[in-house]
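*Asks:* Dropping a structure here in structure tokens format, bear with me for questions.
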Amino acid sequence: MTTEKEFVHNRIAVLRAERGVSRRELAEALGVHYQTVGYLERGEYRPSLHLALRIAAYFEVPVEVVFSLTPFPRLGSTNT
Amino acid sequence: MEPRNQRDVKMLARIQREVPARYADQRGRRRLVVTGAVALGLLWVNTAVSWVLAPSTTAMVTCFVILAVVTLAGAWAGSTLSLSTRGTVGLPAHLLDERQAKERLHGHATAHRLTLLLLFVTYFVVMMALPDDEQHAGIPSAALVLLFAALIATVAALPSLVVAWRMPDPPADDD
Chain A
9 MTTEKEFVHN RIAVLRAERG VSRRELAEAL GVHYQTVGYL ERGEYRPSLH LALRIAAYFE
69 VPVEVVFSLT PFPRLGSTNT
Chain B
1334 MEPRNQRDVK MLARIQREVP ARYADQRGRR RLVVTGAVAL GLLWVNTAVS WVLAPSTTAM
1394 VTCFVILAVV TLAGAWAGST LSLSTRGTVG LPAHLLDERQ AKERLHGHAT AHRLTLLLLF
1454 VTYFVVMMAL PDDEQHAGIP SAALVLLFAA LIATVAALPS LVVAWRMPDP PADDD
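Residue numbers (the working numbering), protein chains in the order written: chain A, 9 to 88; chain B, 1334 to 1508.
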């Protein structure tokens, strides 16, 4: 069970949309089932460190750009 | 989750077929789980009927009718469950990703606890059902065979039922 305290926020959907990558394409690149990408995006599955690093490497960003323990600020928000 | 040979490719292709719409979401999957559980329950009823009535024609007819129903319903529910869980329980480990492997572990752990409980309950029920008089402690052999069949089927099916029950709704396809 993932409690709110253990929740890991992520920006996979945003990064994916920005790069124009479909779930299936991302899943194929990562070697996971495409539904796993969906569960990751919805926060219903927390990836292993290995998978988290591979996701970050795929988008060529540091891992903390993709995952965070606190909610990411909304785009356009002044709180950066 | 890389297929190693042609057999793996075929297995993956079979498991990625489209799931019938009514069983694609959590509610539909849980209906399937209930169907599977009822089929298993019938096997236990069959054992009880055989224990009480065997050897007799009634016991034999009941046994074959229930076995036919369970075989058909069980095969259908089993294959549909396997499809709707994307082979999380049935596929070889190297064809699963880390989420599916974790789901499978959870399913097996819960199924193991349920199996242990089932074995204890069966043990006590059989102990209580045996007559005190050791000279006449005969159990119909058909009942013994059906009891083991029910146990084997339940132990084999429990991980699939647990995994299917637990799985959340799949994310909507965005492609």
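All residues carry an ideal CB built from backbone N, CA and C; glycine is no exception.
For Q1359(B) and chain A, any beta-carbon pair shorter than 8 angstroms?
*Replies:* Not one chain A Cβ lies under 8 angstroms of Q1359(B).
*Asks:* Among residues of its own chain, excluding the 5 on either side of L1376(B), which ones have a beta-carbon nearer than 6 angstroms to its beta-carbon?
*Replies:* The residues are V1403, A1483, A1486.
*Asks:* Ends of the alpha helix (DSSP H) at Y47(A)?
*Replies:* Unbroken alpha helix (DSSP H) run through Y47(A): 42-49.
*Asks:* Can you give the Cα-Cα distance for V1371(B) and G46(A), rounded to whole angstroms?
*Replies:* Cα to Cα, the separation comes out at about 32 angstroms.
*Asks:* Using the rule of at least 16 other Cβ atoms within 10 Å of the residue's Cβ for burial, across every protein chain shown, is P1492(B) buried or exposed?
*Replies:* Buried, by the Cβ-count rule.
*Asks:* Exposed or buried, which one is E68(A) when buried takes at least 16 other CB atoms within 10 Å?
*Replies:* Burial call: exposed.
*Asks:* Do three or more CB pairs link the stretch 78-85 of chain A to the stretch 1459-1478 of chain B at distances below 8 angstroms?
*Replies:* Touching, no, given that fewer than three Cβ pairs across the two stretches are closer than 8 angstroms.
*Asks:* In chain B, which residues lie less than 9 angstroms from E40(A) when you measure between Cβ atoms?
*Replies:* Inspection of the sequence shows that residue 40(A) is occupied by Val rather than by Glu. In chain order: M1334, D1430, E1431, R1432, Q1433.
*Asks:* Note down the Cα distance separating V1422(B) from S1415(B), rounded to an integer number of angstroms.
*Replies:* Answer to the nearest angstrom: the Cα atoms are 7 angstroms apart.
*Asks:* Does the distance from the C-beta atom of I1348(B) to that of G1420(B) stay below 8 angstroms?
*Replies:* Yes, the Cβ-Cβ distance between I1348(B) and G1420(B) is below 8 angstroms.
*Asks:* For L1447(B) versus G1369(B), is the C-beta spacing smaller than 8 angstroms?
*Replies:* No.
*Asks:* Would A1434(B) and A1426(B) be called neighbours here (beta carbons separated by less than 8 angstroms)?
*Replies:* Yes, Cβ-Cβ distance for A1434(B) and A1426(B) is below 8 angstroms.
*Asks:* Could you give the C-beta distance for F80(A) and A60(A), rounded to a whole number, given that I count them as a contact under 8 angstroms?
*Replies:* Incorrect: roughly 15 angstroms between the Cβ atoms, too far for contact.
*Asks:* Since Y1456(B) is in the alpha helix (DSSP H), which residue starts that stretch and which ends it?
*Replies:* Its alpha helix (DSSP H) spans residues 1431-1462.
*Asks:* Could you check whether L1429(B) and M1334(B) sit closer than 8 angstroms to each other, using their CB atoms as the reference points?
*Replies:* Result yes, Cβ atoms of M1334(B) and L1429(B) sit closer than 8 angstroms.
*Asks:* Examine chain A for any beta-carbon lying closer than 8 angstroms to the beta-carbon of P1353(B), and answer yes or no.
*Replies:* Output row for P1353(B): interface = no.
*Asks:* Would you say P1501(B) faces chain A, with C-beta separation under 8 angstroms as the test?
*Replies:* By this cut-off, P1501(B) is an interface position.
*Asks:* Taking Cβ positions, are R1362(B) and A1505(B) nearer each other than 8 angstroms?
*Replies:* Against a cut-off of 8 angstroms, the Cβ pair of A1505(B) and R1362(B) comes out as no contact.
*Asks:* In the structure shown, what three-state DSSP assignment does S1493(B) receive?
*Replies:* Helix.
*Asks:* Using the beta-carbon of each residue, which ones in chain B are nearer than 8 angstroms to Y66(A)?
*Replies:* Here the premise fails: no neighbours, minimum Cβ distance about 15 angstroms.
*Asks:* Output the distance between the C-alpha atoms of A21(A) and R50(A), rounded to the nearest integer angstrom.
*Replies:* Whole-angstrom Cα-Cα distance: 9 angstroms.
*Asks:* Between the stretch 1388-1405 of chain B and the stretch 16-31 of chain A, do three or more beta carbon pairs fall short of 8 angstroms?
*Replies:* Contact fails: fewer than three Cβ-Cβ distances are below 8 angstroms.
*Asks:* Three-state secondary structure (DSSP) at F67(A)?
*Replies:* Correct three-state label for F67(A): helix.
*Asks:* If you check the beta carbons only, do R8(A) and L38(A) fall under 8 angstroms apart?
*Replies:* Absent from the model: residue 8(A). The displayed extent of chain A is 9 to 88, so no value can be given.
*Asks:* R19(A) and V73(A) look like a contact to me (Cβ under 8 angstroms); what is the Cβ gap, rounded to whole Å?
*Replies:* Contact flag correct, Cβ pair sits at about 7 angstroms.
*Asks:* Let me make sure I understand the geometry here. Which of T1390(B), V1459(B), S1383(B) has the alpha-carbon closest to that of A1475(B)?
*Replies:* It is S1383(B).
*Asks:* Report the option in A65(A), Y66(A), S30(A), P55(A) whose CA atom is closest to the CA atom of E14(A).
*Replies:* Nearest C-alpha to E14(A): P55(A).
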